[in-house]
Structures are given as C-alpha cells and as structure tokens.
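K.L.:
Got a structure here, written out as structure tokens. Questions coming.
4 protein chains.
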Amino acid sequence: MNAREVEFEGHLIDSMILPKALDAILDLEGEFEILEFRIGKKKEDHSYARLLVVGRDEQHLQKILHVLHRIGAKIPEAEEVELKPAPADKVLPENFYVTTNHPTFVNYKGKWLQVEGIGMDKVIAIRNGKAVCLFLNEVKKGDLIVVGEKGVRVVPPERPRKVSHFQFMGGSVSSERPTEELIEIIAEEIINLKRNGGRVAVVAGPAIDHTGARNALAGMIRDGYIDLLLSGNALAVHDIELSIFGTSLGMDLRTGRPVPGGNRHHLYTISKVIAAGGIRKAVEAGIIKDGIMYECVKNNIPFILAGSIRDDGPLPEVITDVMVAKKAMREALQNIDMVIMLATMLHSIAVGNLLPSTVKTICVDINPATVTKLMDRGTAQAIGVVTDVGLFVPQLYEKLKEKEREKREIMEE
Amino acid sequence: MNAREVEFEGHLIDSMILPKALDAILDLEGEFEILEFRIGKKKEDHSYARLLVVGRDEQHLQKILHVLHRIGAKIPEAEEVELKPAPADKVLPENFYVTTNHPTFVNYKGKWLQVEGIGMDKVIAIRNGKAVCLFLNEVKKGDLIVVGEKGVRVVPPERPRKVSHFQFMGGSVSSERPTEELIEIIAEEIINLKRNGGRVAVVAGPAIDHTGARNALAGMIRDGYIDLLLSGNALAVHDIELSIFGTSLGMDLRTGRPVPGGNRHHLYTISKVIAAGGIRKAVEAGIIKDGIMYECVKNNIPFILAGSIRDDGPLPEVITDVMVAKKAMREALQNIDMVIMLATMLHSIAVGNLLPSTVKTICVDINPATVTKLMDRGTAQAIGVVTDVGLFVPQLYEKLKEKEREKREIMEE
Amino acid sequence: MNAREVEFEGHLIDSMILPKALDAILDLEGEFEILEFRIGKKKEDHSYARLLVVGRDEQHLQKILHVLHRIGAKIPEAEEVELKPAPADKVLPENFYVTTNHPTFVNYKGKWLQVEGIGMDKVIAIRNGKAVCLFLNEVKKGDLIVVGEKGVRVVPPERPRKVSHFQFMGGSVSSERPTEELIEIIAEEIINLKRNGGRVAVVAGPAIDHTGARNALAGMIRDGYIDLLLSGNALAVHDIELSIFGTSLGMDLRTGRPVPGGNRHHLYTISKVIAAGGIRKAVEAGIIKDGIMYECVKNNIPFILAGSIRDDGPLPEVITDVMVAKKAMREALQNIDMVIMLATMLHSIAVGNLLPSTVKTICVDINPATVTKLMDRGTAQAIGVVTDVGLFVPQLYEKLKEKEREKREIMEE
Amino acid sequence: MNAREVEFEGHLIDSMILPKALDAILDLEGEFEILEFRIGKKKEDHSYARLLVVGRDEQHLQKILHVLHRIGAKIPEAEEVELKPAPADKVLPENFYVTTNHPTFVNYKGKWLQVEGIGMDKVIAIRNGKAVCLFLNEVKKGDLIVVGEKGVRVVPPERPRKVSHFQFMGGSVSSERPTEELIEIIAEEIINLKRNGGRVAVVAGPAIDHTGARNALAGMIRDGYIDLLLSGNALAVHDIELSIFGTSLGMDLRTGRPVPGGNRHHLYTISKVIAAGGIRKAVEAGIIKDGIMYECVKNNIPFILAGSIRDDGPLPEVITDVMVAKKAMREALQNIDMVIMLATMLHSIAVGNLLPSTVKTICVDINPATVTKLMDRGTAQAIGVVTDVGLFVPQLYEKLKEKEREKREIMEE
C-alpha cells in the first residue's frame, strides 16, 4: 500500500473539484481519508481540503495522482519541476509531461513560472528561463523537457461566483433551444467583449458561402467585430467566386440552382487569383470587389488559410504544409479572447487544440454530432449551437447592428 | 413467353416516363419491342409510344405490367374495372388494388370516374356510383372493391413546361443551400398561392415552441397565411404554457435556461385548460392570451390535435384515438393546396400519406435524414429544407410581411 | 429575507448531491450557510450536511427549496404531506405535486409510504391508504392529491460504491466507441440479470424489420431473453410481411431492392391478419410461420402494440386509443428490470416517462440526436449506443448464445 | 437566334442520356427540334438521336451546349481540339477546359486520344503527344492547354444491360436497409474483383480504431484483400497506440472507458515512432507488433498518410504538404478498381475527386449527410451504406473469410 498527501484549494464543492477528485479515486479503486476539510461557509469563501490518497502499489498510486493532478491537486510541499534533455530533434525523454489546456505553472528554481502558449496535448520546455508549450515536432535536441508531474500545477477555471447568461447556455447540445434568443445573448457577449478591448477570431468553413451567410460575415469584418479569420482554401475560393461570378461552387445563390457552366467557376476563380499574384493583389487590382476576403484585405484583418487534401488550386495564400499552417494559427491566436466556430469540424478541432481553456468559444453547426465532439474536447467556456449558419450569421450580424444602434441612441440622449 | 401491348402518352421523354418504363422492364429482366414511337418534336408537343412487353410467363408479365401501371401505362383497349365485394367489415377480396398518391381514374360502366380523396396505400371502392378512396378499416361488408389493375389509370404529374423557381429547388436534400434565398422563394410561392385563393396547411411539432418560432407562426395565422393546423398535444401544451407561464417545457426562452419549478408548468397548463373545459373555452375565458392556439381560435382557423403515446394530459381537444384523428385529418386536408411541414416526422409522414401528389409540400427539419425520408415517400411536388425552424419560421414571416408591403406600395402608386 | 434549514444525508460528495445543491442555490442567486457538515472519512461512510438556505423573499426561497427537494433535500422536522381533493374528474387542486422518476415517499399520518408506480411528470394521490402515482387524466373527483412539497421525500439513486462496466458506459453519447465491446458488456449484463430472475422489455421500431435485425430479435424472444415487447403497428406488419411475402415494406431483404408489386405486400398482410381475426389467430392458423410476433405468441410473451397516426390498417391487436395504450404499457412495465430501446424515438420516450429511474435502460439508435434526447430525459441508469440496429441486434444475439455456451461448458466440467 | 446540331449515340433512353439532354435544354429555356431519332427496338440495340438546339443568342447557346457536352453530346463533324499555351507556371489561358470524372477523349491532329489520369475538376494538357489530366498547380509555362469544348468527347458510363446486385444498391442513402445483406453483396463483389486480378484501396479515418474495427481491417490487409491504404496521421497513431498501450486515444477498447494517464498514450506513441525513425523501422524493431500499419509493412501494402491541421506529431511517414500528398494519392490510385471509404469525409471527398467514374466506390459512414455528400459528388458507381464501421468492418471480414472457405470447399470436392 502506498499513500500520498494532496491538497485542494478554491471553490471545491460548487466548482465540482472535490467531488471530481473523490469520484476519480473511487473509479480507480483507490482509497482515501479526508485529513482536513475546511468548507467556505458562504459562497464567496474558499475551501481547503487535505486528503490521504492510498493505492495498491506505487504504480497504482501514480495513476490516481495523475488524474488528481489534472483537476488541480497540489502536492503540499512545493517540489521542483523535473527536467530532462531531449536526446534528439523531435525525440522526447521518457515520461514527458503532456499538457492540458488549463493555465499551468511549473516550479522552476523555486519560482512558479506560468507556461506560455498553453494548449492541449503538447509538451513543456524550459527555454531561456521561461516555460514554453511546444508541439512535439518543435522540440530540439537538448531542450529541457518537463517529465512527470512533480512541480507542475494545473489551475482549471473555477465556476464564476456571478454568472452571466452566456455561461449558462453551455453544456447541453440540442437543436431544441430558442435560437433567436441564443443569438441575442451571443451578440451581447461579443459587444461587451469588444468594448473591453477584447479580440474575436472566426473559424469558418465553405458552408458559409453555400448557405448564403457570406455577406453577413463580410459585414461583421467590415464593421470591426472580427479580428482574425482562420479558414481554408474552399471558403476563400467560393467567396471570391461569388464576387467574380455570383455563384458558389457554380450555384446561383438567388435561386439555389446550378448555373450552366458554373462548375468551371471555382477553377476559373483560382486561376484568376493565381494570375493576379494572390488574394491581396487581386483585391488591389479590383478583380475581387466584395466579400469576406475583400473585407479582410481592405480592413487589415489577418487571415490564415490552411491547406487540406480536398483543395483545388490552391490559392497562393493557402499554406499547404499543415504543420507550418498550425504554427501560424497558434501565433495568430495569441491574445484572442473569443473564437466563433462556424460549420467546420476540421478547423474547429484544430483550433480548439491550440486554445487555452480560458478563451470563450462558440461552436455553430447543423450537425449535433459535430457540436458534441467540439464540446467534448475540453474547452470549458464553450457554447454549442445546433443551427443553420445560413440563418445564424445574418441574424447575428443584424443583432449586433441593432444593439450598437440602441447603445448609440442611449448615449446620444 | 407472354406479351402484352401498352401505351404511353404525354411528355414521355423529358418527364422521364418512357425512360422509367424501359428501365423498369430491364430491371425486371423483361423484354420489350417499341412498336410505335412518335416523339413531340418541340417542347410543347405530346409524344406517343406503343410497346410490346414480354415476360417469361404470365406471372412475370403481370409483375412488369404492375410497375408500368403505376407510372402511367395504359392498356390500349379500354377495359372495365374489376370489382369484388368485401366479404366482411375491414376484410378485403383477394388481389385488391392498392392506390398510389397520383390522380387515379377507374373505367366503371364505360365511364372514367376520378377517384375521390386519393392518397397513398389505400383501397378503392365504388359507392353510389362514385369511386372513393378508403382506409382499409373503413371497408364495409359488401363494398365493391377494385381488384387487379384492369381499368385503372394513374396519371403521374408531368414536368411542367414552364418551371418556377419553386419546382427547381426540389429533389436534393442538403444543408448546404442558401437558406435565406430558399425562404424568399417559398414566401413568393405562398403569396401567389394565397392570391389565387389557394389554401395552406401547417403540420408542426413542439420544436416550434422550444426553438422560439411560436410567435412567428402565431403571426402567420393571425395574418391569414394559414388555413389549417395539424399537430399534436405537445405543440399546443407548450404554446399555451408560453402564454401562461412564459416557459416552454419549463425553459425560459429569453435565456435558454430552465426556470426553477418550471418542470411543473406543462402539467399545470394542461390542468388549467382541462378545468376551463378546453382550449377554446380557455381562450374565451382569457386564460390563454396569445400564441398559436389563441390565434387559431380567434381567427376561426381549424386545428386538429392527434394523440400519441408520449402525451401528458392530454388537452381536451386532443383526439386520442389515432384512427379517428386520421380520418379528421383527411377530411380537413380536402381542398388544401400546400402543406408546410415543420419539425415533426411522425405527423409529416402521416399527412404525406393522406395527400395526393398534386399538393405542394415543404418539409423543414434540422435532421437531413428526416427530410430525406419525407421526400422519398413519393410526394412529387415536395421541397426539403434542412434548417433550424427556430430561425426559418420567423424569417419566413418577415419575408411574407415584406413582400405584402412591397406589393401594396406598388399598387398604391 | 426568508430562510429555512434543510438536511442532506448519504454519499453527498461523490454522488454529487451536495455540489448539485450548492450549485443550484448559487444559480438561483440564493444564499447559504453550512451549519453542520460531517463528511464520511472513508468511502463506505455516509455524510451529513445541514444548511441554512436564504432567499430574497418567501417565493424566492420556495423556488430554491423546490429544486433542492428534487435532488433529495429533507426538511429536518418530519412534516405531514399536504393533501387536497380533486374538484372534478381530471381537474387538479392548485399547486399539485409533480413527480420525478426517482423513488418517492410521502409522510402520511406519521408513516412514510412509498409511492407506487412512480414515473415522470405525474401526480400522487392517496387511495385506500396507499400512495399511488396517477396520470393526470386518471384523477377522479374527490381523489386526495398531494400538493406542495411538504412531507414528500425523493431518493435519487446513489452512485454505487462498487461499479460495474455497465454503469461506466453511461453518460457520453458518441458513435466513436468500441461497438463490439459495448455489445459484450450489454450481453453480460442481460445474462446476469436473467440469472437473478430479472425481467427484460424490448421497445422497438420498424427499422428492426427493414435493417434485417428481425430474425435475431425473434431468436432472443424464443430463447427467453425477452419478457415483454412494446411496439407499434409498423413493426408487427413488416415482421408478418416478412413471414408471408419475404419482404419488408416491399423490399427484398436479400438484395435490398424493392420487388415488383411489393408496395402492396404490407396492406395484403394487414388484410390477411384482419381476416384471420388477429395476430394470435393468424399464428395458430399457420398463416404467420416465423418472426417476432410469431415467437411472442408461441412463447406467451406479452406484447403491446400502441397506435399512431402513421398506421395503415391497423392490425386488430393495435390499441388505437393512445391513452388506453399508455395505461397498458405502464401496467406491463411493472416489475421490469431492464428496457432495451431499439430505433424508435416515439415509443422510447413514451416508455422512458413510465419508468422509475431504478430501471436499467439501453437506447440504441443510429441518430446521435435521438440517443442524446433519450439520455437527457432523466433516466439515470441509461446507456446510449449510437449504432446500426441491423448489425447490433444480430451481434447481441450471437454474443448471448456464445456466453451461455461458455457458462454451460464451465458448469459441465 | 443561334442553333447547332448535336448527336447522341448509345442506350439513350434507359441510360437517361436523351431525357437528361432534353431536360437540360428546357431548364435553360432553350428550344430543340428532334431532326432524327432511331430507337433501338430491343434492349441490346443502340439508339441514335440528332437534335437541333436553339438558344436566344450565341452565349445562351454555348451555355446549353456546355451542359449537353458533359452528358455526352457530340458535335457531328469531328472538330480538332483547341489548344492554348499557359502564359506562366500555374496560370491558365482564358476559357480553359475543366474535366469531368468520366472517360474523356480529345481529337488531336485527327486522332482521338484518351486523357490519362482523368479526375474531377482538373485541366487537360497535351504533353509529348499525349493528353494528360493535370492539377491546376502542375501546369507549366508553355503547356498546351485544352480550351473550350470543341474536339472533346466525354463518355459517361452507360447503364449495364445485365445488372448485378451491387449496382442496384446504388442511389438511395438510408439507414433503413438490410445491413447484413448489403455486406454479403459487397463481400461477393470484392471476391469476384480480386479473383479477376482487381485491386482494392481502403480510405479510412480514426473511427476505425475507436470503434474497434481495427483488428478486422488489419486482418483484411493480411489476407490480401486490400492493395492500398489511404489515410492520415490519426488512424496510424491510434492503431499503433493500440499495439503499444492497448488504448485508442486513451480509451481501453475492452471497457469503452478512458484509462488513467491514457491521454498521454498517443503522444508517447508518436514519440516512440519518431525515435525509432518511422513506422517501418518501428515495425522492424518490434516496437509495433500488430495492427493495420504493421500488416501494411509486413505485407508490402503501400500506404499514404496525408497530413491535416488536426495532427499531433505527426508520425514521420505523414506527408505534411497537402499538395504533395494529393499527388502521391493520385499516383497510388492508378490501376485501382475499387475504393472502400470508411468513416472519413475529408479523405473520401479528396479521393473521390481523384477517381474516374469507372472505379467502384463503397462509402460507409454513420452520418447519412456524409454519405449523401459523397454520393452527390458524381461518383457514378458508388454505393452508400449508413452504418457503424465498428460492426461493418468485422462483419465484412467474417463474410469474406466465410465465402473463401465455401469456395475452397467447393473446389476441393
């Protein structure tokens, strides 16, 4: 029998931390004794618990401690983080530490360093006295890599004392919720966030073009609601096709019907943009006259188009090496406070893995399985909306404009 | 080897009748010889074809002829329909004729009678010199029932020479179509139909209430766009719950959250309506102050609420015997020209089976499998829209009002 | 400010009872003080908590207490249940108590009576000194109906100390789980349950016939795994159609293709069964020779076929009044220990509402939204499997037979 | 008014070619006159039609001719294909020809050359006297590119006179078909194809690992049913994780539960494979002991792993540049006769675009929308199966083994 003391501190009960911990111990067939437990008597008080965790043997105990670690357990005595050098480029030492998407600290030379660029399923290295989160393939020979869980502290987001409507909508995934009201609440949240200097990214798939949501998204970019666009070749191609030919994958959006010869439009579009030297130059040359990419270029909103094997062309701005694209996405997502994911599972999951759990995310898809999958991937502050982006985005844009008008009127009075 | 001559007449090629016929013969491993074929040289001309169909034996030939019959084949010599009396109530003679949902005629005593109340999967009886379509359980002992296919003519709808946008949208089921534009086209169709004295029925499920589409549907009823409502207990209960308690299944639609104690609201609602003596009386008594049922009562729009085993209560107006409900639905659907099916598979399929193929139908559901299933059930003039009714209905109502305004302005000038 | 003391007892922390309670108070913007808290130090110990709950006013406090009540809060002093007579048939007194699906007790004349036939969203009456759960429309004038929450105790199922594989699978709904292994675990659970004298009900839709699962389900009935079948007209019709014509809705299952004339088969089937006097008589007369209904009749397994407005015919055994059907279903479900729900949302939800939370349920559907909806409706011991019943049922039957063989072999050694 | 004569030849009516042509002309509001029409009187005869097609003006006429071209229309006089040089790398001449996925011929210097490597949405160049199909980004400055539609002939696959079960299953997408029987038919088709020296590719996503289908797929590779594997990083990672740790994304497949610490397994797996120098070396070093990748390496079955932005790691064999990956896929797909697509929309659509319409494809996914989307993308010989790969693949493998056994027994007799 092996045992170890662990501590928890915070809103242990209503943030479900202690229940989850005891739950986990029982699940793993471990034992526990509660050595000390001071409960915050009122809701603003913190609680404190000290547990003795018992495993059948050291290995069993370690398994239990691993799970407790990921929900915020501290080992009472502050231990120094353990580091081992990477034996070669991209090769990691045994037992390397795998990150969560929660804010994380390492106790390095007696100081708690916050890990920079935290995201799911990555590794931590100490470089120049800083703790940095790295993709596996960024590790260089000799990098000092965190191994084991000693000296690593994870701080899962607590349930806020004062909750907003926004947070309450989280959790369940269903198409049977009041869509217009959800849009109202999301619009409110975006406006509040923008007023406080927050930054919003949109991750979007080509259904934006096909379902007729493109003009509204372009409007949101023009009006300054969006600070970053993450997407792929298809969204950009069909957006530009709409500008040049008035069709999306050859379909006339006013009738929902393919136009004769329309099947050629997306390749003709790509060819024109390549000939012009890229999207930016095609906007400057007046070839692209409106739409999402146009507004990004005109308003200096950065965009990243990541390649996929489905791509035709692709457009010159598309980053065809997915690892290069991923790094560019991570870079661009620094300092983003909210991400709106629109009808794309591939890009949404990729972005989800790059985000810390403190970033608000809104996932919109007509397929409930997609929304569920995105919500399951550990983004704590996520809201899922099962609806049609073809109606959602225009309605959201209307609501944003309406709310801005109201506020202006109030201020003018 | 057995053979028989059959004829086809109409727009044989572009309405796919002849291709389907030859296709069917080949599928069934029959043989054919084209005895005569006069093709309409221009698009407004009819075509005529006379085929010799050959089967391995009489049974094989009959199978082939059965399929050809259902797509409109005529046996050249006009044969008298064959009738046999029903041996007992609900019991049918051998080889009874099973209807399609296409306009159907029987050659009775030398005259072609159109079958009244045609719908899918029913039987035909001659009663008082009229050909009537009956449910199986409506058959009475001694009823003269059509058997075999002799003397029965089916007239599948032809592809119209001049097509509208509405018809073009049919066919494919996909969430990747321009939703706002589809709504525009549907609104146009409704307005045209209403102007020409057409009648519109709505078939709706409780998602109308939960997704926040209820006020818009109530508005459409108030403004005279809807002539009949077919639904069940749940839609009515939650609609009235919204009027009395402001919640739908205990959820506050302004926040998307359950209210404490809200789980009781739908039972309290039912109890109040029962105590008042039913929906009509509860409206008159001022207990129900707004919503779908309120507008139906106030505007004398008939509604039929058919029971299901999921029902709580149910409300007094709910018809708990499903066969009684079905007959009431069939009755109410006479002279309806368009049916809008909103987020209910059960009711939509039931209604689909009661409609002739000449009635326009619009099926809206967020689940593409539901829309596909409805479209597969043989309603030729059907459009499927994969979208969220919570946004679709309010948008459709807005569009209807906008178009009416536009037309009024044009007329006033 | 109004305040009240409440108590909780049990495995408060790892069964999430106390966390849920504090969570609820905070959600509703109430206040609390923890007056006493004795935590079980080891996992087999019970815990005890006494809280002072504070609301803004009496109404606010009552809302909070209502939510706490439904998760098991006790008012320390044992209060007598409050009863009021029903003013008329089906009419309830104000503020009547609405049931959960958890085991429930009422303090009547100083004794705690367990409510009989507990199910979701019903009412409680005292009849002949017993507490019984009634549908709203079963209430008779003068029935003593429980009002308010005083003297009513709800006992939500606790998380078992020793968990089985079966319980662990609950919760998440995803198509990305190991289907064969889930089937293995479910088979094990069924066998254990049957060995201990447990009783299993199946709720099934017509996809059982269309997807080719019918023979396997018939086999499970023949071999004694199933004690009750709840379904509708369609499943029975196509099952019998398969016996008489070898088709399901006219489709030849060996080829997946419609057979010519097959569209008539289901009506011909219904007609034959009506002529024979019903399913039982048709089995006895040798008209039905195999399949699900055949095995039910031959093995004296009760079945209930509830009507719906989609039904053709219907077959004589179908109960066309849905309220009569619902009562028959409730009756039949007494003493059932497990329910397997196969590809039918309508019947599954109806059955779910009739079951106490202590009955194990397995929901199988290819549509994840259906499974999620079933899991959301409060059936605590539910497992959802997103898969194809056409493969699931045959595989489950194989697994059951295999496990029985293994056990026999072990016993024979 | 502009007019042009076009010809059609083949099984014009039952292969729907003429109906589609007339349909298209009417859709586009063109006019036609049938100048000559000789119908094959028996099913083995070819038909011939000569039409005068009339448009409002030359542009309108060209639109109509474009659509007719893609369904096989010939301009009577054999015209020489028109070629223009590419002005720069990746830049195409105006009005360049966009390919279908049907076998295509160009009339170059009086000879009809078949276009090599035909696939959807590409361009045709003449290089070294051969007509080759190129991705847009493969075009080099000076390449002679086909422009317009003159001298280009498309030959859509005809409906075979003698149809197999396999072909009949095509078309509809529904979860309500007999899954076991579909598997039987697919197994038969695979065995026939392999006996005739055919080659089968599998395109698969990571659900193969999570749903427990992996061992069966590995078995199919080992037994020689599969000649090529196209997939991504995730399938390979979790397959190898199963070999090393017995988990898939940290889930123990025997219980469907995550194992403690399992979240690290996939990164540990990737790290081990990188350290070993790749998948092949890890197999040789005995690190990977079984599974899909193991069988590919041991049996010299080529595999291509294409990168995506979701990838962790990735494994060394993953091609991170999507355009390089796409070319490798096209190369590998030469001489493939059947493609089985298992639970991956991204890879399946990418592969679909690379395949000529003559290759048989089987698309299996639990989401009907995915299957519909794949079927809509123009792969004529496609079968869609809406089912769970976790049961489908093991059952298919069993069926293949059973059929081989039967055949061996027959031959041994």
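Residue numbers (my numbering), protein chains in the order written: chain A, 1 to 413; chain B, 414 to 826; chain C, 827 to 1239; chain D, 1240 to 1652.
C-beta: ideal position from N, C-alpha, C; glycine also.
1) Just to confirm before moving on: does the CB-CB distance between V735 (chain B) and S1134 (chain C) stay below 8 angstroms?
2) May I ask you to check if the CB of Q1221 (chain C) is nearer than 7 angstroms to at least one heavy atom of the ligand GDP?
3) Since H1250 (chain D) meets chain C, which of its residues come closer than 7 angstroms, beta carbon to beta carbon?
4) According to a CB-to-CB cut-off of less than 7 angstroms, which residues of the region 1605-1624 of chain D neighbour chain A?
5) Between V1028 (chain C) and chain B, is the shortest Cβ-Cβ distance under 8 angstroms, so that the two count as touching?
6) Please list, in chain order, all residues of the same chain as E82 (chain A) whose beta carbon is under 8 angstroms from its beta carbon, the five residues on each side excluded.
7) At the level of alpha carbons, what is the spacing between V802 (chain B) and L1079 (chain C)?
8) With 9 angstroms as the C-beta to C-beta threshold (strictly closer), list the residues of the region 1632-1646 of chain D near chain F in chain order.
9) Would you decide whether N1538 (chain D) is buried or exposed? Buried here means 16 or more other CB atoms lie within 10 Å of its CB.
10) Going by beta carbon distance, what residues of the same chain come within less than 6 angstroms of V989 (chain C), once the five residues before and after it are set aside?
11) Does P1633 (chain D) pass the burial test, meaning 16 or more other C-beta atoms within 10 Å, or should it be called exposed?
12) Look up Q395 (chain A) in the DSSP assignment and say whether it is helix, strand or coil.
13) In chain B, which residues lie with their C-beta within 7 angstroms of the C-beta of F1276 (chain D)?
14) Is the Cβ of P178 (chain A) closer than 8 angstroms to any Cβ of chain C?
15) Alpha carbons only, please: which of C:M1119, C:L887 and C:I1047 is nearest the one belonging to E857 (chain C)?
16) Am I right that A501 (chain B) and K554 (chain B) are in contact with their C-beta atoms under 8 angstroms? What's the rounded C-beta distance?
17) Could you check the C-alpha separation between V893 (chain C) and A850 (chain C) for me, to the nearest Å?
18) I'd like to know if I890 (chain C) contacts chain A, where contact means its C-beta is closer than 8 angstroms to some C-beta of that chain.
19) Using 8 angstroms for Cβ pairs, my map puts P781 (chain B) next to T1611 (chain D). What's the rounded Cβ distance?
20) Who are the Cβ neighbours of W112 (chain A) in its own chain at under 6 angstroms, not counting the five residues just before and after it?
21) Would you call I1447 (chain D) buried or exposed, if buried means 16 or more other Cβ atoms sit within 10 Å of its Cβ?
22) Let me know if I410 (chain A) comes out buried or exposed under the rule of 16 or more other beta-carbons within 10 Å of its beta-carbon.
23) Taking its Cβ as the centre, do 16 or more other Cβ atoms sit within 10 Å of D883 (chain C), making it buried, or is it exposed?
24) DSSP three-state label for R417 (chain B), please.
25) CB D1138 (chain C) to CB L1019 (chain C), shorter than 8 angstroms?
26) Quick one: what's A544 (chain B) bridged to in DSSP?
27) On the DSSP letters alone, give me the boundaries of the alpha helix (DSSP H) that M1201 (chain C) sits inside.
28) Could you have a look at S1414 (chain D) and say whether DSSP puts it in helix, strand or coil?
29) In the DSSP output, which residue or residues are listed as bridge partners for I340 (chain A)?
30) Please name the residues in the region 1129-1149 of chain C whose beta-carbon is closer than 7 angstroms to at least one beta-carbon of chain B, in chain order.
31) If the cut-off is 9 angstroms on Cβ atoms, which residues from the region 341-356 of chain A count as contacting chain C, listed in chain order?
32) At the 8 angstroms Cβ level, is I1273 (chain D) part of the contact set with chain B, yes or no?
33) Assuming contact is defined by CB atoms lying nearer than 8 angstroms, are V764 (chain B) and V752 (chain B) in contact in what I supplied?
34) Step through the CB atoms of chain C and report whether any lies within less than 8 angstroms of the CB of P156 (chain A).
35) Identify, in the order they occur along the chain, each residue of the same chain with its Cβ nearer than 8 angstroms to the Cβ of I1145 (chain C), setting aside the five sequence neighbours on each side.
36) Counting only the same chain and skipping the five closest in sequence on each side, list residues whose C-beta sits under 6 angstroms from that of P929 (chain C).
P.N.:
For this structure:
1) yes
2) This structure simply doesn't include the ligand GDP, nor any ligand for that matter.
3) Correct list: empty, because the minimum Cβ distance to chain C is about 21 angstroms.
4) N1606 and A1608
5) no
6) V146, V147, G148, K150 and G151
7) 36 angstroms
8) Of the chains in the structure shown, none is chain F; the protein chains are A, B, C and D.
9) exposed
10) Reliability of the predicted coordinates at V989 (chain C) is poor, the pLDDT of 48 falling under 50, and the value obtained from them is presented with this limitation in mind. Contacts found: none.
11) buried
12) helix
13) I452
14) no
15) C:L887
16) 5 angstroms
17) 7 angstroms
18) no
19) 7 angstroms
20) F105
21) buried
22) exposed
23) exposed
24) strand
25) no
26) B:I539
27) P1194 to D1202
28) coil
29) A:V202 and A:I362
30) A1132, G1133, S1134, I1135, R1136, D1137, D1138, G1139, T1146, D1147, V1148 and M1149
31) none
32) yes
33) yes
34) no
35) I1130, L1131, A1132, G1133, A1151 and A1154
36) V981
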